[in-house]
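Some notes on the structure that comes next.
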Amino acid sequence: MRLSRPLVTASAVLLVAGLAACSPDSAGAAASDGDGPTVVTVGTLKGQPHLYAPFLYEGLAPEGVEFEVVQFDTSPDIKNAVVSGNIDFGVAGVPSAVSGAAAGQDVVVVAAAADGGSGIIGREGLDGVESLAGLTVGYPQGSSQEILLRLTLEAAGMDADADLELVNLPFSDMAGALAAGRIDAFASAELGPSTALQAGAVEVASPYETPVGRVNIGLYTTGALIEEDPELVQQVVDTHVRATEQMAADPQAWADGVVAEFGIDQAVVDTAVQNIWPRWEIDDEYAAQVAALVEQMAALKQIDGEVDVETLLDTTFVDVTDA
């Protein structure tokens, strides 16, 4: 059987028609007639080791539940697919969930997924965030990495807009722009930092020494699905917990899985997984970091509306998981 809520009933058509533009690898939600398994669609990003957990779900699924992974290009694409009902769950950036909540969209984070995955990287010879003064620094505008860069500079008494020449670049362009000498440094997400490090760049400063900490990726769905089928949400969260625990317990198998799935350079992935911390818990520290993220997103006018962190983060399922 398939999920019964109306938004998911039409997902097979909507996934093909509405998500193909997001990702050529997108696929409709498979479903069996009659008493077949419940098929849960989960969105994640292409080629990202910190969003790899959904690829492990099928092998860890409870009886009667099957998973279909739908690949996207950006976290906002995943969030939009979740809130529109085109997919059931998303493993994606928490900032996208914050943006959705601020816009009044029905999005709820039911588990953490991975911390870290960010870096402040520069050409050889740079050391410490103060060494970026007067230099050209790439960043992805509107991202959590922009926030981490600004807060790291602020802690050192620097102004990102006055003391640096900021260049807005896509995540995928960072390492190449640094290698070509178009920028002196960048703040970005994996795999950009590890690709650059493998090419001889250096870590300029840690991006994690701020109130936002390492918070990055979460598992989210809608309040509508939570209300309609909490048992299924619990099953998905339990599966997610098993997947993240498996990644944390065997980082090499996790890295090898990413390489096999996406054909990425092994050395780059091996470096990247050392900068990522799989997790599923939503504890007080995590909630405080999300609250700091919300505050900074509002300050930078990345969001307009109010966000109730206690509503955005639903700990019901991680608090009782039996995974």
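Per mature numbering (1 follows the signal peptide of the UniProt record, and there is no 0): the sequence shown = residues -29 to -1, 1 to 294. Ideal Cβ placement from N, Cα and C applies to all residues, glycine included. Note that this is a predicted model, so its numbers are computed, not measured.
Q. Residue range of the alpha helix (DSSP H) that Thr123 falls in?
A. Ser115 to Ala126
**Q.** Every unbroken beta strand (DSSP E) within the stretch 253 to 293, with a cutoff of 3 residues, ordered by chain
**A.** none
**Q.** Where the alpha helix (DSSP H) containing Thr166 begins and where it ends
**A.** Gly163 to Gln169
Q) Helix or strand or just coil, what does DSSP make of His211? A) helix
Q. By how many angstroms is the C-alpha of Ile49 removed from the C-alpha of Phe26?
A. 16 angstroms
Q. If we ignore side chains and look at the alpha-carbon of each, how far apart do Asp227 and Val289 end up?
A. 28 angstroms
(Q) Since Ala63 and Gly113 should fall inside the 8 angstroms C-beta cutoff, what is the C-beta to C-beta distance between them, to a whole number of angstroms? (A) Contact flag wrong, Cβ pair sits at about 14 angstroms.
(Q) Classify Met(-29): buried if its beta carbon has 16 or more other beta carbons within 10 angstroms, exposed otherwise. (A) A caution first: Met(-29) carries a pLDDT of 40, below 50, which makes its placement in the model unreliable, though a value can still be read off. Exposed is the call here.
Q) Using a Cβ-Cβ cut-off of 7 angstroms (strictly less than) and excluding sequence neighbours within five positions of Cys(-8), which residues of its own chain qualify? A) Residue placement at Cys(-8) is flagged as unreliable, the pLDDT there being 40, under the threshold of 50; the coordinate-derived value follows with that caveat. Contacts found: Phe43, Asp44 and Asp48.
Q) Would you call the stretch 156 to 173 and the stretch 109 to 127 in contact, with 3 or more CB pairs under 8 angstroms? A) yes
Q) Between the C-alpha atoms of Ala(-1) and Leu168, what's the straight-line distance to the nearest angstrom? A) Only weak support exists for where Ala(-1) lies, its pLDDT of 40 falling under 50; the coordinates are left without a value.
Q) Residue ranges of each beta strand (DSSP E) run of no fewer than 3 residues wholly in the stretch 62 to 148, ordered along the chain? A) 79 to 87, 89 to 93, 107 to 110 and 136 to 139
(Q) Please list the terminal residues of the continuous alpha helix (DSSP H) segment that includes Ala224. (A) Pro222 to Phe233
Q) Per DSSP, Phe38 forms a beta bridge with which residues? A) Val11
Q: Can you tell me the Cβ-Cβ gap for Ala176 and Gly105, rounded? I've got them flagged as a contact below 8 angstroms.
A: Actually they do not touch by this definition, with Cβ atoms about 16 angstroms apart.
Q) For Arg153, which of Ile197, Thr107, Val183 and Glu29 has the nearest alpha-carbon? A) Thr107
Q | DSSP three-state assignment for Gly249, whether helix, strand or coil | A | The amino acid occupying residue 249 in the given sequence is Pro; Gly does not appear at that position. Strand, per DSSP.
Q. Can you tell which of Pro20, Val10 and Pro8 has the C-alpha that lies nearest to the C-alpha of Val244?
A. Pro20
**Q.** Residue from Gln217, Ser165 and Leu149 whose Cα sits closest to the Cα of Asp241
**A.** Ser165
Q. Are Ser89 and Leu119 touching if we call contact CB-CB under 8 angstroms?
A. Yes, they are a contact pair.
(Q) Using DSSP's beta-bridge definition, name the partner residues of Val173. (A) Gly93
Q) Should Ile253 and Ala82 be called a contact, given that it needs their Cβ atoms to be closer than 8 angstroms? A) yes
Q.
Which of the three DSSP states is assigned to Val183 in this structure?
A. coil
Q) Can you tell me where the beta strand (DSSP E) with Ala238 in it begins and where it stops? A) Per DSSP, Ala238 belongs to no beta strand (DSSP E); it is in the alpha helix (DSSP H), Gln237 to Val244.
Q: Measure the C-alpha to C-alpha separation of Val280 and Val261 and round it to an integer number of angstroms.
A: One C-alpha to the other measures close to 7 angstroms.
Q. Anyone know if the C-beta pair for Tyr23 and Val229 falls short of 8 angstroms?
A. yes
Q: Can you say whether Glu161 is buried or exposed, counting buried as having 16 or more other CB atoms within 10 angstroms of its CB?
A: Counting Cβ neighbours within 10 Å, Glu161 comes out buried, since at least 16 surround it.
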